[in-house]
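Going by our numbering, the letters in the sequence shown line up with residues 182 to 735, in that order.
By construction, the Cβ of each residue, glycine as well, lies at the ideal position given by its N, Cα and C atoms.
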Amino acid sequence: MTQTDTRAGVSIPLPRTKLGQPRPAAQQGALLIPVLGDQLSLQLASLAGVDRSNVVVLMMEVWDEATYVRHHKKKIALIFSAMRHFAETLRSDGWTVDYIELDAKGNTQSFSGEVERAARRHGATFVRVVEGAEYRVRQEQESWAERTGLPVEILEDDRFICTIPAFLTWARGRRELRMEYFYRDMRRKTGLLMTDSGMPVGGQWNFDHDNRRTPPRGLNYPAPERFAPDAITTEVLKLVAARFGQHFGDLEPFALPVTREQALRALKQFITAALPDFGRYEDAMVAGQDYLYHSSLSLLINLGLLDPLEVCQAAVEAYEKGDAPINSVQGFVRQIIGWREYMRGMYWRDMPAFATRKALAATRPLPDFYWTGDTDMRCLAESVGQTKREAYAHHIQRLMVLGNFALIAGVDPQALSDWFLVVYFDAYEWVELPNVVGMSQFADDGAIASKPYAASGAYIDRMSDYCGECRFDVKKKTGPDACPFNALYWDFLARHEKRFVGNPRMRNMYATWNRFSGSKKAEYRESAADFLASLKPSTNGWAREADASSPPRE
C-alpha cells in the first residue's frame with residue numbers, strides 16, 4: 182500500500198498495511214511479532230491487545246544491520262545490550278521471546294531471513310510488526326508476506342507524535358515548509374507549554390535570544406550519570422570486540438544506559454542537574470566538556486527506552502515547579518517535538534530521492550581527519566576526538582563545526598551523511614539523513630533550511646574556547662596561518678553567488694563580499710584553494726566497505 186505526495190512526487194509506504202487476510206481470532210498457530218532493535222518499548226503497538234499465550238516475540242541480532250554502514254563499535258554494543266536486556270524484560274512480563282544472537286547457529290544475518298525461519302520454527306499463522314523507522318527496513322517488511330506465505334500486518338509506529346499521513350497532509354499545498362510553523366502546531370496538539378487560552382507560555386514561541394551565551398572561562402558541566410556494565414553488557418562488549426574490532430571508535434570505557442530503569446535515571450539526572458543551564462549554553466562548545474549541559478537522551482528515545490512525550494513532560498514539570506527557566510525548557514522541548522518530528526516527516530515525504538540529492542554539486546571526498554582526528558584545526562580535532570571516544574557530539578558541534586566545514590569545503594553530502602550514520606550512537610537514517618543532507622549541507626536545495634548553515638571562524642571563536650590554543654589564528658583571514666574557515670567561508674559564497682545572492686537571509690553577507698576589492702576577493706579564493714589542495718582524502722572505507730570478518734551464512 183502506498184501513497185504519493187504531490188509535492189515530493191514519490192511513492193512512500195504508509196503504515197497499517199495488511200498484506201494477505203487478517204488472522205481469525207480462533208485460528209491455531211503462533212502470532213509472530215518481530216521487535217526491532219529501535220523498538221524497545223513495552224507500549225509498542227504490535228504488543229497491544231494480543232493473547233500472550235499464543236504469541237512469540239522475535240528479536241534478532243543480524244549482521245546486515247550492524248554493517249550496512251560500519252557503525253561505531255560503541256553504537257553496536259549499545260543496541261545489542263539494550264536488546265538483550267529488553268528481551269529479559271519481556272520474559273519477566275510474561276512474553277515468550279525467541280532471541281537470535283549474532284553468532285547463533287543458522288542465523289541468516291538478515292531480518293527477512295530470520296522472520297522466515299522463525300515463522301517455520303514456530304508454526305506461525307500471522308506476522309504482526311511495527312513499521313521500520315528507516316526506508317530500507319520498511320521496504321524489506323513489505324516482502325515478508327511473500328517470503329513467509331503468511332498475512333503480515335505492518336502497524337504505524339505510534340511512539341511518534343505526528344503520523345506520516347498527518348505530516349503529508351500538513352505539508353501538502355504549503356508554499357514553503359518551515360519547521361517553526363510545524364513546531365507551533367505540535368505545541369498546540371500536545372498542549373506543552375501552552376496556556377488555557379491557547380497562547381504560548383511566556384508570551385512567545387521561542388527564546389533563542391537567551392540561548393546563545395558565550396561560555397565563560399571555567400564553565401564546568403554536570404557529568405552525566407555513568408552505568409557500569411553488567412554481565413549481559415560485558416558479554417556484548419566481548420562480542421563486539423571480536424566481531425567488529427575494525428570498526429571506527431572506542432568500545433571502552435562503556436557506561437551508557439541500556440535498560441528502561443537506567444534510562445529513567447538518566448532522564449532524572451538531566452532534568453535536575455543540566456536542564457536549568459541547558460538553554461543559555463545550548464550553542465556553547467568547550468574543549469574537554471563532551472556533554473556540557475546537553476543530554477544524551479536522544480539515544481534512549483530513538484531506541485524506545487524513553488517516550489518523547491514523557492521526556493518533554495518531565496522538562497515542563499521542572500519549569501512549572503520553578504526548577505528550570507522557560508528558555509531552557511522551551512529550547513529542549515522544541516528539539517523533540519519540533520526538529521525530531523519534522524525531520525522524520527521530511528524524510529518520509531521525500532524518500533528515496535532524498536538520499537541522493539546534491540543541489541550544490543559538492544563532490545570533494547571526505548577528508549581523512551574525519552576518521553582520524555589528525556588535523557591542526559582544533560575545533561575539528563576536538564569534535565572528531567570526542568566522537569571517536571563517546572559516539573556523541575552535541576548538535577552545534579555536528580552542525581557548525583563538522584557540518585559547516587564540509588559545507589564550505591564542498592564535501593560530497595552522501596559521504597558526509599554516511600560518516601554521520603556510522604559515528605553517532607543516536608544516528609538512524611530517518612533523523613540523520615535530513616539533518617545532514619538537508620539542514621547541514623543544503624543539498625536538498627532549501628527544502629529544510631531557508632539558508633545554508635555556513636560560518637567563518639568568528640562564529641566558532643564566539644561560541645567556544647577552541648580557538649585560543651589552535652595552531653591557526655582565527656583573527657587572520659588568509660594565508661597559511663589563518664583559520665581555514667575564514668577563506669573557505671568567502672570562497673563558498675563566491676562559488677554559489679548566483680544561487681544565493683537573492684536569498685534575503687544572505688543579503689548582508691553578499692553586500693560585504695561585493696564591497697571587497699577584486700584583489701581581496703582573489704586573495705580569499707587563492708587561500709581557500711591552497712588549503713583545499715592540502716586535504717588528504719579518506720581511503721579507509723570505514724563507511725560502507727564490506728567487513729572481512731563477516732560470519733558465514735548458512
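Assign Lys502 to one of two classes, buried (16 or more other C-beta atoms within 10 Å of its C-beta) or exposed (fewer than that).
-> By the beta-carbon neighbour count (other beta carbons within 10 angstroms, threshold 16), Lys502 is exposed.
Since Ile335 is in the beta strand (DSSP E), which residue starts that stretch and which ends it?
-> 333-336
Quick one: Cα of Val243 to Cα of Leu221, how far?
-> 16 Å
Go through its chain and collect everything with a Cβ distance to Phe425's Cβ below 6 Å, but skip five positions before and after it.
-> Lys254, Ile257
Closest Cβ-Cβ distance between Leu331 and chain B: below 8 Å?
-> This model lacks chain B altogether; it includes just one protein chain.
Indicate the three-state DSSP secondary structure (helix, strand or coil) for Leu223 in the structure shown.
-> coil
Expressed to the nearest angstrom, what Euclidean distance is found between the alpha-carbon atoms of Arg461 and Asn392?
-> 4 Å
Go to Ile260, then tell me how far its alpha helix (DSSP H) extends in each direction, as first and last residue.
-> 254-273
Whole-angstrom Cβ separation of Thr329 and Gly210, contact assumed at under 8 Å?
-> Rounded, the Cβ-Cβ distance is 12 Å, inconsistent with contact.
Beta bridge counterpart(s) of Leu212 as assigned by DSSP | Val236, Phe307
What residue from His475, Ala499, Ile517 has the CA that sits closest to Leu487's CA?
-> With distances taken between Cα atoms, Leu487 lies closest to Ile517.
Would you tell me roughly how many angstroms separate the C-alpha atoms of Asp672 and Ala709, rounded to the nearest one?
-> If I take the Cα positions, the gap works out to 6 Å.
Own chain residues within Cβ distance below 8 Å of Gly313, not counting five before or after | Leu217, Arg319, Glu321, Gln322
Hey, out of Glu613, Val618, Arg559, Asp654, whose CA is closest to Ala587's CA?
-> Proximity to Ala587 across Glu613, Val618, Arg559, Asp654 peaks at Val618, based on C-alpha coordinates.
Can you give me the start and stop residues for the alpha helix (DSSP H) that Asp366 sits inside?
-> Element bounds for Asp366: 360-371.
Between which two residues does the beta strand (DSSP E) harbouring Asp279 extend?
-> 278-281
Would you check if the region 528-547 and the region 401-411 touch, i.e. whether three or more CB-CB distances between them fall below 8 Å?
-> Short answer: they don't touch.
In the DSSP assignment, what residue or residues form a beta bridge with Ala663?
-> Asp654, per the DSSP bridge assignment.
Between the beta-carbon of Gly512 and the beta-carbon of Phe388, is there less than 8 Å?
-> yes
Classification of Pro397 by the beta-carbon crowding that lies within 10 angstroms, buried from 16 upward | exposed
Once you ignore the five residues that flank Ala499 on each side, which residues in its own chain have a CB closer than 7 Å to its CB?
-> Ile452, Leu456, Ala505, Val510
Can you list, in chain order, the residues of its chain whose CB lies under 7 Å from that of Val467, leaving out five sequence neighbours each side?
-> Pro396, Leu400, Leu473, Ser645, Asp646
Does the distance from the C-beta atom of Pro548 to that of Ser719 stay below 8 Å?
-> yes
Which whole-angstrom value describes the C-beta separation of Leu481 and Ala444, a residue pair presumed to lie in contact below a C-beta threshold of 8 Å?
-> 4 Å
Is Leu336 closer than 8 Å to Ile310 when the C-beta atoms are compared?
-> Note that residue 310 is Val in the sequence shown here, rather than Ile. Cβ distance < 8 Å, so Val310 and Leu336 count as in contact.
Buried/exposed call for Leu213, threshold 16 Cβ in 10 Å = buried
In whole angstroms, what is the alpha-carbon distance linking Ala300 and Phe666?
-> 56 Å
Start and end of the alpha helix (DSSP H) containing Ala347?
-> 345-352
Report all residues from its chain with a CB closer than 7 Å to the CB of Tyr551; omit the five preceding and five following residues, and keep chain order.
-> Val565, Trp600, Ser719
Any idea if Gln224 is buried or exposed, counting beta-carbon neighbours within 10 angstroms, 16 or more meaning buried?
-> exposed
With a floor of 4 residues, list each alpha helix (DSSP H) that falls wholly inside the region 583-660, ordered by position along the chain.
-> 585-590, 594-604, 610-614, 638-644
Where does Pro546 sit, in a helix, a strand or coil, going by DSSP?
-> DSSP places Pro546 in coil when its eight states are reduced to three.
Between the C-alpha atoms of Phe712 and Tyr705, what's the straight-line distance to the nearest angstrom?
-> 11 Å
Could you check which residue in Glu433, Asp642, Ala574 has the C-alpha nearest to that of Phe606?
-> Minimum Cα distance to Phe606 is reached at Ala574.
Alpha carbon to alpha carbon, how far is Ala436 from Pro594? Give it in angstroms, no decimals.
-> 32 Å
For Ser479, which residues of its own chain have a beta-carbon under 7 Å away from its beta-carbon, when the five flanking residues on both sides are left out?
-> Asp607
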